[in-house]
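Residue numbers (our numbering): 3 to 279. Every residue, glycine too, gets a C-beta built ideally from N, C-alpha and C. Everything numeric in this text was worked out from a predicted model, so none of it was measured. Let me begin by presenting the structure, written as structure tokens, before commenting on it.
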Ligand SMILES: Nc1ncnc2c1ncn2[C@@H]1O[C@H](COP(=O)(O)OP(=O)(O)OP(=O)(O)O)[C@@H](O)[C@H]1O
Ligand SMILES: [Mg+2]
């Protein structure tokens, strides 16, 4: 019974971009992007600089408005949100950036607790939940330190603990290993995988082919604002996605067309979409 519930939850459609276009004047941010992400997935978003990765994340967070299309998230359309609904929308996702953005004058404990305080969680829940999160990310015993007393890898762990403490539907990570040495980067990846196994959907932007290739997760490659590849257990070859002639290869078109089918066969075991087309 419990297993069945988990299985259903995994299959639920959690993010859907439908023909989303965001322009910056004449510059393309993202163009006619359609994609579906299901609860429990681990998705890499890759592509060269200027491809549209950050734009993808910003329209999802409604930091930017789209020009065309719709973005469905859990059970509402992000593009239709009213201003007063946006803070709640953003807080429903955990966000980790390259620069961690920790609060330097707060301790390790307080940095995580703060994320719960702003959503008005009771003190009792904070006292229980913060240590559990610090334990999960391997920072037990460091509660009273300040961020500048932590190693870079520990700071990123703290940023992750803060991002997941309110049980977000999705953890969004924009280059979370970008500032880390390879060894520390791998530790962070192992942590993200562990968090993903607990059921949190992960959307991670990265430039690192090593990480993408080793993890064998779904890879969405974008270039010039368009999705050029979407593969399960995919590999990342920046040279190919950088293809300067701007056309999609037959292989890429094949992958795009067959993705839905392949995905259903390989990963989806009987879960129904929460929204019918
Ligand atoms: N505020 C802006 N004004 C004008 N153009 C912008 C703005 N922000 C992004 N762009 C353009 O939109 C396109 C996509 O940018 P975006 O930041 O999404 O790329 P990215 O894939 O995140 O790149 P990077 O890997 O360098 O972070 C680029 O051509 C960029 O120049
Ligand atoms: Mg970016």
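Distance from the C-beta of residue 203 to the nearest heavy atom of ligand 1 is not below 7 Å. The closest CA to that of residue 202, considering only 232, 168, 180, is found on 168.
Pairing residue 39 with residue 171 gives a Cβ-Cβ distance that is not under 8 Å.
Those residues having their beta-carbon less than 7 Å away from any non-hydrogen atom of ligand 2 are, in chain order, 55, 56, 176, 207. Distance from the CA atom of residue 185 to the CA atom of residue 47, rounded to whole angstroms, is 22 Å.
The C-alpha of residue 143 is placed about 43 Å away from the C-alpha of residue 67. Distance between residue 18 and residue 111, taken at the CA atoms: about 35 Å.
Between residue 141 and residue 159, the CB-CB gap stays under 8 Å. For residue 56, the closest C-alpha among the options 216, 230, 206 is that of 206. Note that the stretch 17–34 touches the stretch 225–244; at least 3 beta-carbon pairs, one per stretch, sit closer than 8 Å.
A check of alpha carbon separations from residue 176 across 30, 102, 127 identifies 102 as the nearest.
Uninterrupted alpha helix (DSSP H) stretches at least 4 residues long and entirely within the stretch 180–250 occur at 184–199, 211–217, 240–243, given in chain order.
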